[in-house]
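Numbering (our numbering), first residue to last: 510 to 1002.
Pasting the structure below:
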């Protein structure tokens, strides 16, 4: 049976020469990878209409094929367009940090802040000492990518940074327990090196990969050739050398500290060779970044973590709580979204209400049966105790009147337990009944369904109901189609 998804989210990881898309769907119990794709593109710029057209064509094909239009669109643009700065800030309290940030940012950025969208991630390092990581992007650069996505009818809800997306995965998986570690993000033309101290981003820089033939082997699944091994060896040597240079640039790291673990994301079809060679060259444990265990990868998703791990993390931003909730977009550019409802609580309350109604109906039915049993018992006692047959007949006739009256009441108010059982058997699994109301020989149902129009035929087919019809119109909401159905109770002749 096809799953019903309460919410969908699309992660778009744009690099200089590629874009990765991952579409996730959230059910009550899990998150499914519905579709994903790695697309090779050309570097995007306003002056290159051909590159923009290629981007739009290939991404649009994915969107249409997988019906990926959703209000949750989380985007990261090429890391080379993002400036990341980190610094320590002494402050008497957290509130004072916010008031000091404007002045501090002016010190760390050469251009005016009016030219940038930026996000500050603030953590408490120790008493009266705060660690600040600021990411900034030029407004014109960001606008170019946002406008491209608008042409595909995609409104960006979050503009994230690939560095933060990868770090979120690392922290959520609980893998990061090291005082000092390195996180590498390897794409087909660029490598980002990030230094982490006690889970905090201390320093991040990017370097271009100039090794001839790297992009070709990066995208080639036949990775057992000598060229793969040779290029992997050279790139690994470059990586280890650049890691050493990056560590030397960090003022908070002295020679007495050593790297505990190197985490790698991306890497394409070279990832296995690169991980092995980096470990051999550095003498440090290398771990490939993993997707959360709670993520279910469907057969049709075409998911490959060596390409799409960052886009997966981006898509998770609007479905799960993350350690770093970065958004470079100002409030006036973010989409206004409907307030999320806790579906599990809502369903739980609905089920509790249904069980209460069922228990009440069962209790009423038992009381009616007990009353009839008591009357029959009284009749037997009267027959035994009363001598004259005529008097017994009079009492019997009186009791018959009571019995007929009770039967009439029971007929006007049919036993509801059997009707509720019938409803539980015929109503589809993608339909939730929020309210059931009985009035004499009629019943009214209120609820939400993925496909409400099919319900009339389903209810009408039951032998317990007839003259079934909708009351009012069907209202489409984010959780499904809201409906009201009225039906007459009674066995069809």
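Here a beta-carbon is modelled for each residue, glycine too, at the ideal position from N, C-alpha and C. Because the structure is a prediction, the values reported are computed rather than measured.
Taking the straight line between their C-alpha atoms, what separation do you get for residue i and residue j?
{"i": "residue 657", "j": "residue 789", "result": "43 Å"}
{"i": "residue 933", "j": "residue 577", "result": "33 Å"}
{"i": "residue 868", "j": "residue 877", "result": "14 Å"}
{"i": "residue 955", "j": "residue 942", "result": "6 Å"}
{"i": "residue 766", "j": "residue 665", "result": "41 Å"}
{"i": "residue 997", "j": "residue 516", "result": "36 Å"}
{"i": "residue 564", "j": "residue 718", "result": "23 Å"}
{"i": "residue 798", "j": "residue 696", "result": "14 Å"}
{"i": "residue 840", "j": "residue 760", "result": "35 Å"}
{"i": "residue 870", "j": "residue 995", "result": "20 Å"}
{"i": "residue 620", "j": "residue 610", "result": "16 Å"}
{"i": "residue 858", "j": "residue 945", "result": "14 Å"}
{"i": "residue 566", "j": "residue 692", "result": "33 Å"}
{"i": "residue 720", "j": "residue 741", "result": "10 Å"}
{"i": "residue 865", "j": "residue 872", "result": "10 Å"}
{"i": "residue 814", "j": "residue 570", "result": "21 Å"}
{"i": "residue 940", "j": "residue 598", "result": "54 Å"}
{"i": "residue 1003", "j": "residue 679", "result": "The displayed coordinates of the chain run from 510 to 1002. Any statement about residue 1003 would go beyond what the structure contains."}
{"i": "residue 647", "j": "residue 795", "result": "34 Å"}
{"i": "residue 986", "j": "residue 884", "result": "52 Å"}
{"i": "residue 730", "j": "residue 811", "result": "14 Å"}
{"i": "residue 644", "j": "residue 590", "result": "10 Å"}
{"i": "residue 667", "j": "residue 682", "result": "22 Å"}
{"i": "residue 518", "j": "residue 970", "result": "38 Å"}
{"i": "residue 818", "j": "residue 771", "result": "16 Å"}
Please name the residue or residues paired with residue i in a DSSP beta bridge.
{"i": "residue 599", "result": "638"}
{"i": "residue 946", "result": "953"}
{"i": "residue 630", "result": "642"}
{"i": "residue 959", "result": "Looking at the DSSP assignment, residue 959 forms no beta bridge with any residue, so it has no partner."}
{"i": "residue 840", "result": "Note: residue 840 sits in no beta bridge, so no partner."}
{"i": "residue 806", "result": "542"}
{"i": "residue 625", "result": "647"}
{"i": "residue 692", "result": "703, 772"}
{"i": "residue 1010", "result": "Lying outside 510 to 1002, the shown extent of the chain, residue 1010 is not represented and no answer is given."}
{"i": "residue 940", "result": "958"}
{"i": "residue 709", "result": "706"}
By DSSP, does residue i sit in helix, in strand, or in coil?
{"i": "residue 714", "result": "strand"}
{"i": "residue 531", "result": "strand"}
{"i": "residue 572", "result": "helix"}
{"i": "residue 775", "result": "strand"}
{"i": "residue 656", "result": "helix"}
{"i": "residue 615", "result": "helix"}
{"i": "residue 701", "result": "strand"}
{"i": "residue 522", "result": "strand"}
{"i": "residue 993", "result": "strand"}
{"i": "residue 764", "result": "coil"}
{"i": "residue 581", "result": "coil"}
{"i": "residue 1000", "result": "coil"}
{"i": "residue 591", "result": "strand"}
{"i": "residue 536", "result": "coil"}
{"i": "residue 682", "result": "coil"}
{"i": "residue 608", "result": "helix"}
{"i": "residue 867", "result": "helix"}
{"i": "residue 664", "result": "coil"}
{"i": "residue 1070", "result": "No answer is possible for residue 1070: the residues shown for the chain start at 510 and end at 1002."}
{"i": "residue 889", "result": "helix"}
{"i": "residue 850", "result": "Note on residue 850: pLDDT 49, under 50, position unreliable in the model; the coordinate value appears next. Coil."}
{"i": "residue 556", "result": "coil"}
Starting from residue i and walking both ways along the alpha helix (DSSP H), at which residues does that stretch end?
{"i": "residue 513", "result": "Unbroken run through residue 513: none, as it is neither H nor E."}
{"i": "residue 968", "result": "964 to 970"}
{"i": "residue 791", "result": "780 to 791"}
{"i": "residue 752", "result": "735 to 758"}
{"i": "residue 819", "result": "814 to 825"}
{"i": "residue 728", "result": "Neither: residue 728 is in no alpha helix (DSSP H) and is coded neither H nor E."}
{"i": "residue 935", "result": "925 to 935"}
Could you give the residue range of the beta strand (DSSP E) that holds residue i?
{"i": "residue 835", "result": "Where residue 835 is concerned, there is no enclosing beta strand (DSSP E), given that its DSSP letter is neither H nor E."}
{"i": "residue 976", "result": "974 to 979"}
{"i": "residue 985", "result": "984 to 986"}
{"i": "residue 795", "result": "794 to 797"}
{"i": "residue 668", "result": "667 to 669"}
At a Cβ threshold of 7 Å, is residue i touching chain B?
{"i": "residue 580", "result": "Note that chain B does not occur in the displayed structure, where there is just one protein chain."}
Q) Are the segment 666 to 675 and the segment 694 to 704 touching, with three or more C-beta to C-beta distances below 8 Å? A) yes
Q) Counting pairs of beta carbons, one from the segment 973 to 989 and one from the segment 946 to 963, are three or more of them closer than 8 Å? A) Yes, the segment 973 to 989 touches the segment 946 to 963.
**Q.** the segment 802 to 820 contacting the segment 535 to 547, beta-carbon criterion three pairs below 8 Å
**A.** Enough Cβ pairs lie closer than 8 Å, so yes.
Q) Is the number of C-beta pairs between the segment 733 to 752 and the segment 620 to 634 that are closer than 8 Å three or more? A) no
Q: Determine, using beta-carbon pairs with one atom in the segment 524 to 532 and one in the segment 779 to 795, whether at least three such pairs fall under 8 Å.
A: The segment 779 to 795 and the segment 524 to 532 do not touch, with fewer than three beta-carbon pairs separated by less than 8 Å.
Q: Could you tell me whether the segment 610 to 630 touches the segment 578 to 591, using the rule of 3 or more Cβ pairs below 8 Å?
A: By the Cβ criterion, the segment 610 to 630 is not in contact with the segment 578 to 591, since fewer than three pairs of Cβ atoms, one from each stretch, lie closer than 8 Å.
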